[in-house]
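Peer 1:
In the numbering used here, the protein residues as written are 3 to 294.
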């Protein structure tokens, strides 16, 4: 069983120490100030920031790019291909991948090759981290059948809990006693897009803690993704409280940091910060993930 995992650079895949040949990352396409860019090819976050450019279209991977990647996997002898995309309601990559898979199925060479398109129902490290863990387990020989790989991907993506902070999107308004509403940068808890932005700070923290306990795990690994600085100090009221409650209530086996790509930055803002928590059992090869 030869497997190929296909994802986009927007998944913010953690940096793996050893070469993992089974993963193919496709560059996200963007138009910024009228000019075409491909993430990690002719544009990187350190050379271009959201302050000096305007994103004209949503980040996307065109169906032809997905189709070319499928054909390449077929030519390499792969029998099972897994394409993992952001939530289908975000950027449209899921639809492009499905279109590519259907076009491939019409080709004569497609016989005996299974192309599985998986909607991660999340974004960024929400599918990049589980993808890394499954790919490492596959290369170590842990999976015996393609069905086991699909089950592991779906299970691990469902067990990734994300606390997200960004200046983009919904705002929380709090009153400072002067009768006026003041915008406050918000915190979002995403577990298959469950939103708690309008809940009180204490309720948000308790809900996250309950979600973690429901996973029936004693140990967890934590991934931090941030552009400038993870907001633990000098932050809006409530952020530090949630972090302290969540992190103090679980046993953290390991932590890693990840730098987001430019497509994630444009989607979430230059001050985007995320904390992903997943059971340590999903990352038995955590030592293969570099500390950044």
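All residues carry an ideal CB built from backbone N, CA and C; glycine is no exception.
Since the model is a prediction, treat every value here as computed from it, not as a measurement.
Looking only at DSSP bridge pairs, what is residue 253 linked to?
Peer 2: BP columns for residue 253 point to 221.
Peer 1: If you count every other CB in all the chains shown that lies within 10 Å of the CB of residue 292, and 16 or more means buried, which is it?
Peer 2: By the neighbour-count rule (16 or more Cβ atoms within 10 Å), residue 292 is not buried but exposed.
Peer 1: Who are the near neighbours of residue 181 in its chain, counting only those whose CB is closer than 7 Å to its CB and skipping five residues on each side?
Peer 2: With a pLDDT of 38 at residue 181, under the threshold of 50, the modelled position of that residue is not reliable, and no figure is offered here.
Peer 1: Do the CB positions of residue 96 and residue 62 come within less than 8 Å of each other?
Peer 2: Going by C-beta atoms, residue 96 is not nearer than 8 Å to residue 62.
Peer 1: Going by the beta-carbon positions, is the gap between residue 124 and residue 87 smaller than 8 Å?
Peer 2: Cβ atoms of residue 124 and residue 87: not closer than 8 Å.
Peer 1: Is residue 145 helix, strand or coil when you go by DSSP?
Peer 2: Coil at residue 145, not helix or strand.
Peer 1: Could you tell me whether the Cβ atoms of residue 8 and residue 71 are closer together than 8 Å?
Peer 2: Their beta carbons are under 8 Å apart, which means residue 8 touches residue 71 by this criterion.
Peer 1: Do residue 29 and residue 17 have their CB atoms nearer than 8 Å?
Peer 2: Taking 8 Å as the Cβ cut-off, residue 29 and residue 17 do not qualify as a contacting pair.
Peer 1: Going by beta-carbon coordinates alone, are residue 254 and residue 294 separated by less than 8 Å?
Peer 2: Cβ distance not < 8 Å, so residue 254 and residue 294 don't count as in contact.
Peer 1: Is residue 38 buried or exposed, if buried means 16 or more other CB atoms sit within 10 Å of its CB?
Peer 2: Residue 38 comes out exposed.
Peer 1: Grouping DSSP H, G and I as helix and E and B as strand, with all else coil, what is residue 228?
Peer 2: DSSP places residue 228 in strand when its eight states are reduced to three.
Peer 1: Restricting to Cα atoms, I'd like to know which of 262, 279 and 142 is closest to residue 20.
Peer 2: Nearest C-alpha to residue 20: 142.
Peer 1: Can you pull the DSSP bridge partners for residue 163?
Peer 2: 279.
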